[in-house]
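Residue numbers (the numbering used here): -2 to 454.
We treat Cβ as the ideally placed atom computed from N, Cα and C, and that holds for glycine.
Take a look at the structure below.
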C-alpha cells in the first residue's frame, strides 16, 4: 500500500466526535399516523453474588434505580462505585464490547437496555497489549507518545486515542480508529479482551454535497452551493433560506441519491458518493395591500392571493376632499428600470412575488379637481349592450318601435333598451331616432351586405 500520511498532527477530534451515525431524516412527503410514544427503560443488573455499592463521599449508599427516557435519546451513567472481592470496577456494558464509565453518556434506541458491570481481576498477571498501527510508520518507536503500546488486563477499559492524522491530499479525514472491523471514536471505551488488540486509522472520504435551486426564474443572490462532507457521517441539510426567489419559499430538498424529499435542516447521512439536493419551491400567499391614502384605515384593502395568480383590484369606497380617485398605482423593476402601471377597479392584477421579507402594495392615485366626464363609446348595432352584434339586436329594435312603453328606454319589461343601447341601435343615419331602417341595417351587416355600421343612406 502506498504511503498516504505525510505529517502527524495532534488534531483534536472533539468537534468531530459529536458526529454520530443516525438514520436519515424521513421524507416529509411521506405520511402516516404517528406511533404512540413509549418510554425506554435502562436497567442496571447487579444481581451477581458478592456485589456491593460503596458509600459516596458523604457516607451515603447511592440507590441504583432504573432510568426511563425517550426513545432514541441519551442517558447519563450515574456516578456509583461497585465492589467485589479481588476485582476492580470499571463501569458498565451493554454488549460486552463497549464500555461506559460513570458519568458518561449512553445513546439509547427504541428498546429497553440492560447494563451489566465490568470488572478486571486485581490479581491477574496476564496482561495483553493495546497497539496502534499506522502503515506509513512501520516502527512503533516512531509513533507519537499518545499511540505507544500499553498493557492492560482482561476486563480493563481501554480509552480510544483522540490522536488523528492529516491526509496529505485532503481527500479523506481520519475519524477515530478501527478495531476488528468496527470504528471507534476518540474517548470511547472498549473492554480489553484476553488477547492483544490493534487499532488502525479509520479513513473516510470527502464527497461533494451540492445544493441547487433548480431550473427556475426570479432568483436573487446565490445560485449554487457546494460543500465537502464525510461519507457515513451525519450532516444537517441547508435551511430554507439557502436560496432566495421572489414570490416563492423553499419547503424541502429533493435528493438525487435516493429520490426522497427532506425537510430543511433535517439530518442526513452522507453516502459514499456525490449528492445533489434540488430546492422544492412553494408559492407564497400574500395579502396584497391597496392603500387608499386617505388617512382612514377603512380605505386600506387587503386581497389574498398566491404568486403567479391574479386578483381583482377592489373598488375605492373612500373619498378625499377636492380630489377624485384615478386608479391604483403599482411600480416594479423591469430590466433594471422602474415601471409604473395604473390599474382600475375590476382590473386583474398578476402577483409576481416580492423579495423575501417584503410585501406587495398598490397606492391610490388622487387627482385634484373634478373627475372628467366619460362619454361611453358607441358600438353601433349593439342594441342590447351584450358586446356582440346579433339578430337579437334587430329584434329588440323592432320591439322598441312596436311597443315603446314596454321596451323603450325606461320601459316596464326587464329587457327594455337602455339609454346606451338606444344610441347603439341608431345605426342607420345616426341622429334620426330609431326606425325600421336601423333593424334592417343590423340584418344587412350580419348578412355581410354592408361592411360596417353605421349605415348612411
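Under three-state DSSP, which class holds residue i?
i: residue 399; result: helix
i: residue 143; result: helix
i: residue 453; result: coil
i: residue 215; result: coil
i: residue 290; result: coil
i: residue 21; result: Here residue 21 scores only 32 on pLDDT, less than 50, and its place in the model should not be relied on; the value that follows carries that caveat. Looking at residue 21 - three-state DSSP - the assignment turns out to be coil, as it is neither helix nor strand.
i: residue 138; result: helix
i: residue 222; result: strand
i: residue 10; result: Bear in mind that a pLDDT of 34 at residue 10, under 50, signals an unreliable position, so the number given afterwards is only what the model happens to contain. Three-state result, residue 10: coil.
i: residue 441; result: helix
i: residue 394; result: helix
i: residue 118; result: strand
i: residue 404; result: helix
i: residue 161; result: strand
i: residue 446; result: coil
i: residue 133; result: coil
i: residue 431; result: coil
i: residue 295; result: helix
i: residue 15; result: Per-residue confidence for residue 15 stands at a pLDDT of 34, beneath the threshold of 50, marking its modelled position as unreliable; no derived number is given.
i: residue 412; result: coil
i: residue 436; result: helix
i: residue 389; result: helix
i: residue 237; result: coil
i: residue 370; result: coil
i: residue 149; result: strand
i: residue 384; result: coil
i: residue 489; result: Only positions -2 to 454 of the chain appear in the structure, and residue 489 is not among them; the question remains open.
i: residue 179; result: strand
i: residue 345; result: strand
i: residue 125; result: strand
i: residue 301; result: strand
i: residue 311; result: coil
i: residue 2; result: In this prediction, residue 2 has a pLDDT of 39, which is less than 50 and means its spatial position is unreliable; what the coordinates show is noted afterwards. Residue 2: coil per DSSP, three-state reduction.
Which residues mark the beginning and the end of the beta strand (DSSP E) in which residue i is found?
i: residue 279; result: 272 to 280
i: residue 156; result: 154 to 156
i: residue 340; result: 334 to 340
i: residue 351; result: Counting along the chain, residue 351 falls outside any beta strand (DSSP E), and DSSP gives it neither H nor E.
i: residue 231; result: 231 to 233
i: residue 330; result: 320 to 331
i: residue 358; result: 358 to 365
i: residue 104; result: 102 to 104
i: residue 195; result: 194 to 209
i: residue 186; result: 186 to 188
Return yes when the Cβ of residue j is within less than 7 Å of the Cβ of residue i, no when it is not.
i: residue 370; j: residue 421; result: no
i: residue 300; j: residue 277; result: no
i: residue 151; j: residue 189; result: yes
i: residue 386; j: residue 435; result: no
i: residue 439; j: residue 383; result: no
i: residue 323; j: residue 285; result: no
i: residue 169; j: residue 202; result: yes
i: residue 241; j: residue 275; result: no
i: residue 500; j: residue 237; result: As shown, the chain starts at -2 and ends at 454. That puts residue 500 outside it, with no answer to give.
i: residue 281; j: residue 246; result: yes
i: residue 49; j: residue 80; result: yes
i: residue 176; j: residue 196; result: yes
i: residue 115; j: residue 87; result: yes
i: residue 78; j: residue 46; result: no
i: residue 71; j: residue 36; result: no
i: residue 119; j: residue 83; result: yes
i: residue 406; j: residue 416; result: yes
i: residue 325; j: residue 359; result: yes
i: residue 443; j: residue 397; result: no
i: residue 304; j: residue 218; result: no
i: residue 155; j: residue 149; result: yes
i: residue 85; j: residue 117; result: yes
i: residue 453; j: residue 426; result: yes
i: residue 171; j: residue 200; result: yes
i: residue 144; j: residue 129; result: yes
Could you tell me how far apart the beta carbons of residue i and residue j are, in whole angstroms, since I believe they sit closer than 8 Å?
i: residue 63; j: residue 40; result: 5 Å
i: residue 298; j: residue 356; result: That belief does not hold up - the Cβ atoms of residue 298 and residue 356 are roughly 14 Å apart, past 8 Å.
i: residue 365; j: residue 404; result: That belief does not hold up - the Cβ atoms of residue 365 and residue 404 are roughly 43 Å apart, past 8 Å.
i: residue 207; j: residue 221; result: 7 Å
i: residue 344; j: residue 310; result: 5 Å
i: residue 315; j: residue 291; result: 5 Å
Closer than 6 Å to a non-hydrogen atom of the ligand FMN - does that hold for the CB of residue i?
i: residue 384; result: Of the ligands one can find in the structure shown there are none, so the ligand FMN has no counterpart to examine.
In terms of residues, what are the limits of the alpha helix (DSSP H) holding residue i?
i: residue 420; result: 416 to 422
Going along the chain, which unbroken runs of the beta strand (DSSP E) with 3 or more residues stay wholly within the region 27 to 97? 37 to 41, 64 to 66, 71 to 73, 84 to 90
For the region 244 to 274, list the beta strand (DSSP E) runs that are entirely contained and at least 3 residues long, ordered along the chain. 245 to 252, 264 to 266
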